[in-house]
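The structure appears right after this line, and notes come after that.
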Amino acid sequence: MALAALTYLPPVFGLYISFFPVIFFALMSTCHQQSWGGFGVTAIMSGEAVTRVLAQRSETIEREPSDPVTTFSYINTTYLSPSDTMDLDTIIEVSITIALLVGLMQSLMGFLRLGFVSVYLSKSFIQALTTGASCHVVTSQVSNALGIDVPRQSGAFGIVKMWIDIFSKLPTLNWATVIVSLISLVLLIIMGIMNERWKEQLIVPIPMDIVVVVIMTLLSFFINLNDKYNVQIVDDVPLGFTPPKVPSPSLFLTLLGDSFAIAIVTYAISISLGKTVADKHDYKIDDNQEMLASGISNTFSSFFLCYVSGPSPARIWIVDKAGGTSQLMSAVSCALVVFIILYLGFLLEPLPLAALSVLLIYSLMIMVLQVRVLPSLYRQSKWDFAVWVFTCCCVVFLGVALGLFISLGFAIFALAVRIQLPSYKKEGNIEGSELFLDQKTFKVIHFAKSEEIV
19 MALAALTYLP
29 PVFGLYISFF
39 PVIFFALMST
49 CHQQSWGGFG
59 VTAIMSGEAV
69 TRVLAQRSET
79 IEREPSDPVT
89 TFSYINTTYL
99 SPSDTMDLDT
109 IIEVSITIAL
119 LVGLMQSLMG
129 FLRLGFVSVY
139 LSKSFIQALT
149 TGASCHVVTS
159 QVSNALGIDV
169 PRQSGAFGIV
179 KMWIDIFSKL
189 PTLNWATVIV
199 SLISLVLLII
209 MGIMNERWKE
219 QLIVPIPMDI
229 VVVVIMTLLS
239 FFINLNDKYN
249 VQIVDDVPLG
259 FTPPKVPSPS
269 LFLTLLGDSF
279 AIAIVTYAIS
289 ISLGKTVADK
299 HDYKIDDNQE
309 MLASGISNTF
319 SSFFLCYVSG
329 PSPARIWIVD
339 KAGGTSQLMS
349 AVSCALVVFI
359 ILYLGFLLEP
369 LPLAALSVLL
379 IYSLMIMVLQ
389 VRVLPSLYRQ
399 SKWDFAVWVF
409 TCCCVVFLGV
419 ALGLFISLGF
429 AIFALAVRIQ
439 LPSYKKEGNI
449 EGSELFLDQK
459 TFKVIHFAKS
469 EEIV
C-alpha cells in the first residue's frame, strides 16, 4: 500500500496490485520463490511519467518554469504539484496505460525469445543493480517515516537533491510520526531477532509485517493519531473491487519511451533476483518464460486498475526464509488479499503511513547492505569490483533507467576486455611428481617443465 503513493495513487490500489498480477504471474513463472506485485522502482518511474503527463495538461496543472515545486496531499499522499486538487482519473489512466505498454513489450520480447540478454547480467552487475534500485525506494520512504513533505526529484542526482531537502526540513518533522516509525522499527528488530534465534523451535517464522500492521493500526485507532497529532494514515479504503477500465490508446506514443525503460528495468531485476534464488536452491529458470510471465501479468492486470507490477526483493527473501518452494504460496496470499478487499479493508484505514514506510525500508535493508561484498569482491576480481561500483553509482546518481543502460554498456565492455585479454599464469611441474605450482610464487623450486594456464 505504501508503494501506491509513489505513483500518486490512493493506498487501496496497493491491494489491487497484490492480487491481479500475482495470479497471472504465478501460473506462468518458472521461479519457485519469485514474489510478484508492487515494486518500488517501477512505481517511482511510473510516478515520474504521471507527473510529466499532468504537467503537459494545462487544464490540470499550470505552472511557470521558474515557479518552485510544492506539495499537497490527496488521500494522504504527497504529490508534485502547486495545485490544491489533482485529477485522479488522469493518474489512473496514465498508470494503467504504462502497465499495458510494459506488458505488451515484455510479451513480445518473450515470444521473440529475447531472454538471452540475461546472460550478460553477471552476479556483480545484478547485486549492484538491486542495491542501487533499493536506495531509491528507501529514499522515497524516508519523508513519510519522518512526517515531512519532500518533493519528488527525478533525473541525474535526484536522490542527492532529495536528501538535501530531507535534511533541510528536519526542523519541521512530526515527532508523533517519528515515534510511530521508531515503535515499528523496534518491533521489527525484536521479531527479527526472535525469528533468527528460535528458528529451529518455530514451526513458521513470526509474521513481522502482519504483527506491525495490527499493532500500529490499533494504536492509531485508540489514540486517534490522525486528528490529534496530524499523523498521516491510510484513510479511505473502499470495500470491493473497482470496475475494470480500458487503458487509453491516445497516450501510447507519449508513454512509449517511459514504458520501454520500465519494461527493461523490470525484467533485468526480475531475472537477476530469480537467478539468485534459483542458484541457491539448485534449479534453473527459463529466461524467456519469465519475460513472458511478466508481460502477461502486466497486460491483463492493467485492465483492473493496476499500475506496473514487478518483483519484490523483500518479499522474495521472506518467502525463501519461510520455506516457500512453489508458487502455491502466491495463491494463499491472493486469497488473503481478496478477503481484505471484500470485507476487511475498512479496518486498515487508521494504519499510519509511517508504519508502512518503515516496513518497506526494513525489508529492503538486506539489499542495501549488499555493499558488504565489496572487500571480498575486490580480492577475487578487480573487473567484477569495477562493474559493481560503476553500476551501483550510475543507478543511484543517474536514476534507475539511465543508470541501467550506461552500466550495462560498461558491463559488456568489461566482459569483452576480459575475453580478449585473459589472465594467465605460468605453472611448473615439480620433478618426480604430478604437482604443478605457480612459478612466479615459488621461485626457489626447480621445475622439470612448465605450462601456461589461462
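In the numbering used here, the protein residues as written are 19 to 472.
C-beta atoms are modelled at their ideal positions from N, C-alpha and C, and glycine is treated no differently.
Counting only the same chain and skipping the five closest in sequence on each side, list residues whose C-beta sits under 7 angstroms from that of residue i.
i           : result
residue 296 : 49, 302, 303
residue 227 : 377
residue 285 : 124, 309, 312
residue 337 : 51, 53, 347
residue 335 : 384
residue 389 : 149
residue 379 : 156, 159, 163
residue 305 : 133, 134, 136, 289
residue 307 : 46, 48
Counting C-beta neighbours from all protein chains within 10 Å, is the total for residue i 16 or more, i.e. buried, or is it exposed?
i           : result
residue 248 : exposed
residue 370 : buried
residue 207 : exposed
residue 91  : Model confidence at residue 91 stands at a pLDDT of 35, short of 50, so the residue's coordinates are unreliable; what they give is reported in the following sentence. Result: exposed.
residue 406 : buried
residue 333 : buried
residue 216 : exposed
residue 45  : exposed
residue 138 : exposed
residue 29  : buried
residue 261 : exposed
residue 130 : exposed
residue 315 : buried
residue 72  : buried
residue 37  : buried
residue 154 : buried
residue 220 : exposed
residue 86  : Residue placement at residue 86 is poorly supported in this model, since its pLDDT is 37, which falls under 50; the coordinates still yield a value, given next. It counts as exposed.
Grouping DSSP H, G and I as helix and E and B as strand, with all else coil, what is residue i?
i           : result
residue 303 : coil
residue 54  : strand
residue 87  : Low confidence applies here, because residue 87 scores a pLDDT of 37, under 50, leaving its location unreliable; read the following figure in that light. Residue 87 falls in the coil class under three-state DSSP.
residue 368 : coil
residue 328 : strand
residue 251 : strand
residue 48  : coil
residue 26  : coil
residue 221 : coil
residue 120 : helix
residue 260 : coil
residue 345 : coil
residue 101 : Because the pLDDT at residue 101 is just 38, under 50, the model does not fix this residue reliably, and the value given afterwards should be weighed accordingly. Residue 101: coil per DSSP, three-state reduction.
residue 37  : coil
residue 67  : helix
residue 9   : Here the chain has residues from 19 to 472 only, and residue 9 is not among them.
residue 19  : coil
residue 187 : coil
residue 193 : helix
residue 266 : coil
residue 363 : helix
residue 390 : helix
Does the Cβ-Cβ distance between residue i and residue j come in under 9 angstroms?
i           : j           : result
residue 59  : residue 163 : no
residue 27  : residue 361 : no
residue 225 : residue 52  : no
residue 289 : residue 133 : yes
residue 318 : residue 121 : yes
residue 201 : residue 166 : no
residue 409 : residue 287 : no
residue 41  : residue 21  : no
residue 327 : residue 143 : no
residue 277 : residue 119 : yes
residue 283 : residue 126 : no
residue 67  : residue 24  : no
residue 387 : residue 331 : no
residue 350 : residue 33  : no
residue 372 : residue 196 : yes
For residue i, which residues in the same chain have their Cβ closer than 8 angstroms to its Cβ, ignoring the five residues on either side in sequence?
i           : result
residue 243 : 194, 198, 237, 249, 251, 368, 370
residue 171 : 177, 179, 180, 183
residue 205 : 226, 229, 230, 233
Within the same chain, show all residues whose beta-carbon is closer than 6 angstroms to that of residue i, passing over the 5 residues directly before and after it, in chain order.
i           : result
residue 229 : none
residue 411 : none
residue 424 : 412
residue 321 : 262
For residue i and chain C, any beta-carbon pair shorter than 9 angstroms?
i          : result
residue 19 : Absence of chain C from the displayed structure is noted, only one protein chain being present.
Practice problem: Examine the Cβ distances between the segment 254 to 269 and the segment 109 to 122 and report whether three or more of them are shorter than 8 angstroms. | Solution: yes
Exercise. Evaluate contact between the segment 253 to 261 and the segment 352 to 361, counting only Cβ atoms and requiring at least three cross-stretch pairs below 8 angstroms.
Key: yes
Quiz item: Counting pairs of beta carbons, one from the segment 181 to 193 and one from the segment 399 to 416, are three or more of them closer than 8 angstroms?
Solution: Counting Cβ pairs under 8 angstroms, fewer than three are found: no touch.
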